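K.L.:
One structure coming up, written as structure tokens, with questions to follow.
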Amino acid sequence: MISLLYFASLRERLDCAREDFALPPGTPTVGTVVDRLRSRDGRWSEAFAPGRAWRVAVNQRMADLATPLKPGDEVAFFPPVTGG
Amino acid sequence: MISLLYFASLRERLDCAREDFALPPGTPTVGTVVDRLRSRDGRWSEAFAPGRAWRVAVNQRMADLATPLKPGDEVAFFPPVTGG
Amino acid sequence: MAHVRVQAEPFEAGREIAALAEGRRDVGAVATFVGLVRDLNEGAEVSRMTLEHYPGMTERALEEICAEAAGRWDLIDMRVVHRVGPLEPGDAIVLVAVSSAHRGDAFAACEFIMDYLKTRAPFWKKESTLSGERWVEARSSDDEAAARWSGAGNGRS
Amino acid sequence: MAHVRVQAEPFEAGREIAALAEGRRDVGAVATFVGLVRDLNEGAEVSRMTLEHYPGMTERALEEICAEAAGRWDLIDMRVVHRVGPLEPGDAIVLVAVSSAHRGDAFAACEFIMDYLKTRAPFWKKESTLSGERWVEARSSDDEAAARWSGAGNGRS
């Protein structure tokens, strides 16, 4: 299992702040997980549509679709940051 | 008459903070005054030697040798500034 | 060496600056930036602002940005304080203060930290305007500001 | 619009920064620089520093530098405070604080004012070291810093 976290507009759009997620078999990456999320329903496929700007962090470090995942990882999805 | 002011190392070297000075006739400039000061003695000619770095302000604005002078002007001589 | 804080409470800029110089005699320069909530953003009147963040990652991201600055310039110390939660126009959001022996390093590092914070630290702003609430969109000008610092030099001519 | 002061007394950076934002809702950015006396300059230990100035011209020069900054960038307000008289290592000498809607303008103007102050405002430093008193020599690096801002652009790539 891994943890998926959602922040800001992404959290509101998906109506989900956090969920446990079964790590797909093989050599899973962020891309593998995103593919599964996209296949859930229209809300999810739209949120992670290719043209849409979102960011991902693995274990609190910026990551990308190719980043490999292992059990226990914390994967966070969020829109581009706007602090400061 | 005009006022001549000296600051910092220049004031110490010349042992003079302020003096009244008779404005030379004709169309006097800062250069005219500096020529007169240089002719005073070795201390003065050395302080205003061509290779030596000094600055001049007329009526509290940065000026140069060509700046024209009129009665009542305040002419200040000082080394390059080092504040901040 | 950097001091990083995320908090709901207001901060005092004077106290943060003083902390960088206190008891030291080698600090010649402190450059500081304070960001505040404006009542106008992208043409809409803002009555309130709420800042969300990613606890844990925020502190780590800020510390990494400071470490990167320390590797690029000759710095003595750094402080970053970022507020979260509800804020109003006129409230301070963020403070970045950098101490160094010389001003060039302090200025460059302070601006660098702000530019990177704006594009890398996980904070998100939600504005309350007359037409309702809206999440603030990231600005391409912030990406461009951060991109100045990549490449061979330190981003300056 | 700039607020300029020359004084023997210490200043409080927090109070100066607060004065720029107080009662306003359009300030998005305040960039501040504080310069302090270091205990080491050009290899010699400094025990005391005395700042001389040219009363009247100093204020005028600082105001002109601020006016020039206001013409170059989109600024809301500026404050410059410079101390004179005897100072010790660790003491603050100068504060420059600039407010603007956006951080790029505030940073650039703050650095510009410092660079110009260092080459144009009539202040002179005398240091007390173990080998006696000496007038601080102007540095060519300060001239180069000021020269960055002349020319076509605003001195940046």
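In the order they appear, the protein sequences are chains E, F, B and G. Start counting the first sequence at 1; every next residue gets the next number (my numbering). Start counting the second sequence at 1001; every next residue gets the next number (my numbering). Start counting the third sequence at 2001; every next residue gets the next number (my numbering). Start counting the fourth sequence at 3001; every next residue gets the next number (my numbering). Glycine included, each C-beta is placed from N, C-alpha and C at the ideal position. This one's a predicted model, so the numbers in the text were calculated from it and none came from an experiment.
Would you list the residues sitting across from B/D2077 in a DSSP beta bridge?
P.N.:
Counting from one through the third sequence, the residue named residue 2077 of chain B turns up at place 77. Bridge partners of B/D2077: B/S2099.
K.L.:
So, for G/I3113: in the same chain, excluding its five sequence neighbours on each side, which residues have a beta-carbon less than 6 Å away from its beta-carbon?
P.N.:
Here residue 3113 of chain G refers to the residue found at position 113 when the fourth sequence is read from its first residue. Contacts found: I3065, A3069 and V3096.
K.L.:
Using 8 Å as the limit for Cβ to Cβ distance, is B/F2112 near chain E?
P.N.:
Position 112 of the third sequence, counting from 1, holds the residue named residue 2112 of chain B. So no, B/F2112 is outside the interface.
K.L.:
Is the beta carbon of F/V1033 less than 8 Å from the beta carbon of F/F1021?
P.N.:
As a first step, residue 1033 of chain F is located in the second sequence; it is residue number 33 there, counting from the start. As a first step, residue 1021 of chain F is located in the second sequence; it is residue number 21 there, counting from the start. Closer than 8 Å, so yes.
K.L.:
In the structure shown, what three-state DSSP assignment does E/T82 receive?
P.N.:
Translated into the one-based positions of the first sequence, residue 82 of chain E becomes position 82. Reduced to three states, the DSSP call for E/T82 is coil.
K.L.:
What does DSSP give as the partner residues of B/D2115 in its beta bridges?
P.N.:
Within the third sequence, the letter at position 115 stands for residue 2115 of chain B. B/D2115 is not bridged to any residue.
K.L.:
Check G/V3004 in the structure and name its three-state DSSP category.
P.N.:
Here residue 3004 of chain G is taken as the residue at index 4 of the fourth sequence, counted from 1. Strand at G/V3004.
K.L.:
In chain F, which residues lie less than 8 Å from G/W3124 when you measure between Cβ atoms?
P.N.:
To locate residue 3124 of chain G, count along the fourth sequence from 1; it is residue 124. What G/W3124 touches in chain F: F1007, A1008, S1009, F1078, P1079, V1081, T1082 and G1083.
K.L.:
Taking F/D1020 as part of the alpha helix (DSSP H), name the residues at either end of that continuous run.
P.N.:
Sequence index remark: in the second sequence, residue 1020 of chain F carries index 20 (1-based). Element bounds for F/D1020: not the alpha helix (DSSP H) but the beta strand (DSSP E), R1018 to F1021.
K.L.:
Taking B/A2145 as the query, report the chain G residues whose CB atoms sit under 9 Å from its CB, ordered along the chain.
P.N.:
For the purposes of this step, residue 2145 of chain B is identified with residue 145 of the third sequence, where counting begins at 1. Simply R3103 and G3104.
K.L.:
The alpha helix (DSSP H) with B/L2062 in it runs from where to where?
P.N.:
Taking the third sequence and counting its residues from 1, one reaches residue 2062 of chain B at position 62. Its alpha helix (DSSP H) spans residues M2057 to R2072.
K.L.:
Suppose you measure from the CA of G/T3058 to the CA of G/V3027; what does that come to, to the nearest Å?
P.N.:
Looking up residue 3058 of chain G in the fourth sequence gives position 58. Looking up residue 3027 of chain G in the fourth sequence gives position 27. Cα to Cα, the separation comes out at about 28 Å.
K.L.:
Distance cutoff 8 Å, beta carbons only. Does F/L1004 sit that close to anything in chain G?
P.N.:
What you label residue 1004 of chain F is simply residue 4 of the second sequence in a count that begins at 1. No, F/L1004 lies away from the interface with chain G (no Cβ there is under 8 Å from its Cβ).
K.L.:
Taking any Cβ of chain G, which residues in the region 2005 to 2037 of chain B have a Cβ under 7 Å from it, in chain order?
P.N.:
Taking 7 Å as the Cβ-Cβ cut-off against chain G, the residues of the region 2005 to 2037 of chain B that qualify are E2012, A2013, G2014, R2015, I2017, A2021, R2024, R2025, D2026, V2027, G2028, A2029, V2030, A2031, T2032, F2033, V2034, G2035 and L2036.
K.L.:
Using the beta-carbon of each residue, which ones in chain G are nearer than 7 Å to B/G2090?
P.N.:
In the third sequence, counting from the first residue as 1, residue 2090 of chain B sits at position 90. Those are A3021, R3024 and R3025, listed as they occur along chain G.
K.L.:
Is there a Cβ from chain G that is less than 8 Å from the Cβ of B/L2130?
P.N.:
Stepping through the third sequence from its first residue, residue 2130 of chain B is reached at position 130. Output row for B/L2130: interface = no.
K.L.:
Closer than 9 Å by beta-carbon distance: list the chain E residues that pair up with B/I2093, in chain order.
P.N.:
Locating residue 2093 of chain B in the third sequence gives position 93, where the first residue counts as 1. Under the 9 Å cutoff, chain E gives G83 and G84.
K.L.:
Against E/A57, what residues of chain B qualify as contacts under a CB-to-CB distance less than 8 Å, listed in chain order?
P.N.:
Here residue 57 of chain E is taken as the residue at index 57 of the first sequence, counted from 1. Correct list: Y2054, M2057 and P2122.
K.L.:
Grouping DSSP H, G and I as helix and E and B as strand, with all else coil, what is B/T2129?
P.N.:
Taking the third sequence and counting its residues from 1, one reaches residue 2129 of chain B at position 129. Of the three classes helix, strand and coil, the one that applies to B/T2129 here is strand, per DSSP.
K.L.:
The beta strand (DSSP E) spanning G/V3174 covers which residue range?
P.N.:
With chain G running from 3001 to 3157 in the structure shown, residue 3174 of chain G is simply not present.
K.L.:
Does chain A have any CB closer than 8 Å to the CB of B/D2039?
P.N.:
Judged by its chain identifiers, the structure shown contains no chain A, and its protein chains are E, F, B and G.
K.L.:
Quick test of the definition: if touching needs 3 or more C-beta pairs under 8 Å, does the region 3001 to 3010 of chain G touch the region 2126 to 2139 of chain B?
P.N.:
With a cut-off of 8 Å, the region 2126 to 2139 of chain B and the region 3001 to 3010 of chain G do not count as touching, because too few Cβ pairs lie within range.
K.L.:
Can you name the residues of chain G whose CB is closer than 9 Å to the CB of F/M1001?
P.N.:
As a working mapping, residue 1001 of chain F is identified with position 1 in the second sequence. None at all; the shortest Cβ gap to chain G is about 19 Å.
K.L.:
Alpha helix (DSSP H) containing B/V2084: first to last residue?
P.N.:
Here residue 2084 of chain B refers to the residue found at position 84 of the third sequence. Segment: none, B/V2084 is in no alpha helix (DSSP H) and carries neither H nor E.
K.L.:
Below 8 Å between beta carbons: does that hold for G/P3089 and B/R2025?
P.N.:
Locating residue 3089 of chain G in the fourth sequence gives position 89, where the first residue counts as 1. Locating residue 2025 of chain B in the third sequence gives position 25, where the first residue counts as 1. Contact: yes.
K.L.:
If we call anything under 8 Å between Cβ atoms a contact, is G/A3019 one with G/R3083?
P.N.:
Residue mapping note: residue 3019 of chain G aligns to position 19 of the fourth sequence, counting from 1. Residue mapping note: residue 3083 of chain G aligns to position 83 of the fourth sequence, counting from 1. Against a cut-off of 8 Å, the Cβ pair of G/R3083 and G/A3019 comes out as no contact.
K.L.:
With respect to the beta strand (DSSP E) encompassing E/V56, which residues constitute its N-terminal and C-terminal limits?
P.N.:
For the purposes of this step, residue 56 of chain E is identified with residue 56 of the first sequence, where counting begins at 1. Its beta strand (DSSP E) spans residues R55 to V58.
K.L.:
In the DSSP assignment, the beta strand (DSSP E) including G/A3044 goes from what residue to what residue?
P.N.:
Here the question's residue 3044 of chain G lines up with position 44 in the fourth sequence. First-last of the beta strand (DSSP E) with G/A3044: A3044 to H3053.
K.L.:
CB E/Q60 to CB B/G2132, shorter than 8 Å?
P.N.:
The count along the first sequence starts at 1 and reaches residue 60 of chain E at position 60. The count along the third sequence starts at 1 and reaches residue 2132 of chain B at position 132. Not closer than 8 Å, so no.
K.L.:
I need the DSSP call for E/T32, collapsed to helix, strand or coil.
P.N.:
For this step, residue 32 of chain E is matched to residue 32 along the first sequence. It is helical.
K.L.:
Residues of chain E with a CB under 9 Å from the CB of B/R2060: which are they?
P.N.:
The residue given as residue 2060 of chain B occupies position 60 in the third sequence. The contacting residues are Q60 and R61.
K.L.:
Between the Cα of G/E3042 and the Cα atoms of G/A3145, G/D3143, G/S3128 and G/A3146, which residue gives the shortest distance?
P.N.:
Locating residue 3042 of chain G in the fourth sequence gives position 42, where the first residue counts as 1. Checked all of G/A3145, G/D3143, G/S3128 and G/A3146; the closest Cα to G/E3042 is G/S3128.
K.L.:
Suppose you measure from the CA of B/M2049 to the CA of B/I2093; what does that come to, to the nearest Å?
P.N.:
Taking the third sequence and counting its residues from 1, one reaches residue 2049 of chain B at position 49. Taking the third sequence and counting its residues from 1, one reaches residue 2093 of chain B at position 93. Using only the alpha carbons, I get a separation of about 10 Å.
K.L.:
For a quick check, are the C-beta atoms of F/R1013 and F/L1004 less than 8 Å apart?
P.N.:
As a position in the second sequence, residue 1013 of chain F is number 13, starting the count at 1. As a position in the second sequence, residue 1004 of chain F is number 4, starting the count at 1. No, the Cβ-Cβ distance between F/R1013 and F/L1004 is not below 8 Å.
K.L.:
DSSP on G/F3123, reduced to helix/strand/coil?
P.N.:
As a working mapping, residue 3123 of chain G is identified with position 123 in the fourth sequence. It is a strand residue.
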